[in-house]
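Here's the structure, in structure tokens; my notes come after.
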Amino acid sequence: DAGVTQSPTHLIKTRGQQVTLRCSPKSGHDTVSWYQQALGQGPQFIFQYYEEEERQRGNFPDRFSGHQFPNYSSELNVNALLLGDSALYLCASSLVAEGRHGYTFGSGTRLTVV
Amino acid sequence: DAKTTQPNSMESNEEEPVHLPCNHSTISGTDYIHWYRQLPSQGPEYVIHGLTSNVNNRMASLAIAEDRKSSTLILHRATLRDAAVYYCILSGNYGQNFVFGPGTRLSVLP
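These protein sequence lines are chains A and B, in that order. Counting in this note's numbering, the first sequence runs from 7 upward without gaps. Counting in this note's numbering, the second sequence runs from 2 upward without gaps.
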């Protein structure tokens with residue numbers, strides 16, 4: 007049973023560019039959440055998607071946007087990259103009806119902005 | 002903002018029990034208590050969760066205070082592979098507001 011898969015695993019971008027990260031949720035899950043984790047810190051919640059709509063959002067600027075597709079997979083887009091966007095980006099999936107059981111996380115995409 | 006507080010770091014000797022505390026004084030009646038851990042260069046991994054009663058699984062035990070304002074994750078026999086950052090998280094019944102704090106960095110000494 008495949009867990010959460012994220013692609014790519016590593017990415018280097020130049021300041022000002024745009025980036026798209028991808029996530030396939032665990033089989034049977036319908037909700038996808040995205041987190042940003044800077045070095046040495048805990049993951050920070052970006053947003054959550056359910057039924058192809060953004061259901062909840064953390065304290066991130068509009069440069070961060072997302073999308074959920076009918077097959078529940080998701081993309082995270084970041085525009086006008088800043089050096090401070092360098093981080094590990096984590097995707098987590100869950101089944102909304104069983105959200106009390108928590109999330110399954112992927113291994114993340116390491117984004118470096120130079 | 003995280004609704005939990007944990008010590009920044011803890012140390013344990015291999016094969017000894019470890020008790021990782023978490024305070025969550027503002028917990029609501031419907032909040033679930035989750036524990037995750039994160040090994041270097043990996044995503045967070047589920048450890049255990051509970052609502053009111055103590056919980057046991059193959060990885061750990063979760064002891065929840067009677068007033069639910071604190072909880073303790075218990076690793077019965079620490080191994081070197083248990084060295085990780087441990088996060089205590091509160092969330093709603095549908096997994097909403099799943100917010101991480103800084104966590105506790107556990108070091109296991111051989």
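We put the beta carbon where it would ideally sit given N, CA and C, even for glycine.
Unbroken stretches of the beta strand (DSSP E), 3 residues or longer, contained in the segment 39 to 76 of chain B: Taken in chain order, the unbroken stretches of beta strand (DSSP E) that lie wholly in the segment 39 to 76 of chain B and span 3 residues or more are 46 to 51, 62 to 65 and 71 to 76.
Nearest candidate by alpha-carbon position, reference B:Leu-110, set B:Gly-93, B:Thr-80, B:Tyr-88 and B:Arg-69: Here residue 110 of chain B refers to the residue found at position 109 of the second sequence. When the alpha-carbon of B:Leu-110 is set against those of B:Gly-93, B:Thr-80, B:Tyr-88 and B:Arg-69, the nearest one is in B:Thr-80.
Taking the beta carbon of A:Phe-75 as the centre, do at least 16 other beta carbons fall within 10 Å, making it buried, or is it exposed? Mapped onto the first sequence, residue 75 of chain A falls at position 69. A:Phe-75 is exposed by the Cβ-count criterion.
Contact set between B:Val-100 and chain A, taken where Cβ atoms lie within less than 7 Å: Numbered from its first residue, the second sequence carries residue 100 of chain B at position 99. Near B:Val-100 (Cβ distances below 7 Å), the residues of chain A are Phe-51.
At a CB distance below 7 Å, what residues from the segment 55 to 67 of chain A approach chain B? Give them in sequence order. Taking 7 Å as the upper bound on Cβ-Cβ separation, chain B lies near residues Gln-62 of the segment 55 to 67 of chain A.
Measure the CB-CB distance between B:Tyr-33 and A:Gly-48 and report whether it falls below 8 Å. What you label residue 33 of chain B is simply residue 32 of the second sequence in a count that begins at 1. What you label residue 48 of chain A is simply residue 42 of the first sequence in a count that begins at 1. The Cβ atoms of B:Tyr-33 and A:Gly-48 do not sit closer than 8 Å to each other.
Contact under 8 Å by Cβ, B:Thr-105 with B:Gln-39: In the second sequence, residue 105 of chain B corresponds to position 104, counting from 1. In the second sequence, residue 39 of chain B corresponds to position 38, counting from 1. Not closer than 8 Å, so no.
Is B:Val-100 buried or exposed, if buried means 16 or more other CB atoms sit within 10 Å of its CB? Within the second sequence, the letter at position 99 stands for residue 100 of chain B. By the 10 Å Cβ count, B:Val-100 comes out buried.
Between the segment 62 to 74 of chain A and the segment 4 to 24 of chain B, do three or more beta carbon pairs fall short of 8 Å? At 8 Å Cβ cutoff, the stretches do not touch.
So does the segment 63 to 83 of chain B actually touch the segment 89 to 105 of chain A, counting three or more Cβ pairs closer than 8 Å? Short answer: they don't touch.
Apply the 10 Å Cβ neighbour rule to A:Leu-27 and answer buried if 16 or more other Cβ atoms are within range, or exposed otherwise. One-based indexing of the first sequence puts residue 27 of chain A at position 21. A:Leu-27 should be labelled buried.
Does any C-beta atom of chain A lie closer than 8 Å to the C-beta of B:Tyr-88? Here residue 88 of chain B is taken as the residue at index 87 of the second sequence, counted from 1. At least one beta carbon of chain A lies nearer than 8 Å to the beta carbon of B:Tyr-88.
What is the DSSP secondary structure of A:Arg-69, reduced to helix, strand or coil? Here the question's residue 69 of chain A lines up with position 63 in the first sequence. DSSP places A:Arg-69 in the coil class of the three-state scheme, outside both helix and strand.
Hey, quick one: how far does the beta strand (DSSP E) through A:Gln-54 stretch, first residue to last? One-based indexing of the first sequence puts residue 54 of chain A at position 48. Looking at the DSSP string, the run of the beta strand (DSSP E) that includes A:Gln-54 is 50 to 56.
Is the CB of A:Arg-106 under 8 Å away from at least one CB in chain B? Counting from 1 along the first sequence, the entry for residue 106 of chain A is found at position 100. A:Arg-106 has a beta carbon lying within less than 8 Å of a beta carbon in chain B.
Measure from the C-beta of B:Asn-55 to each C-beta in chain A and report whether the shortest distance is under 8 Å. In the second sequence, the residue the question calls residue 55 of chain B occupies position 54. Look at B:Asn-55: its C-beta is not under 8 Å from any C-beta on chain A.
Any idea if A:Thr-110 is buried or exposed, counting beta-carbon neighbours within 10 angstroms, 16 or more meaning buried? Locating residue 110 of chain A in the first sequence gives position 104, where the first residue counts as 1. It is buried - the Cβ of A:Thr-110 has at least 16 other Cβ atoms within 10 Å.
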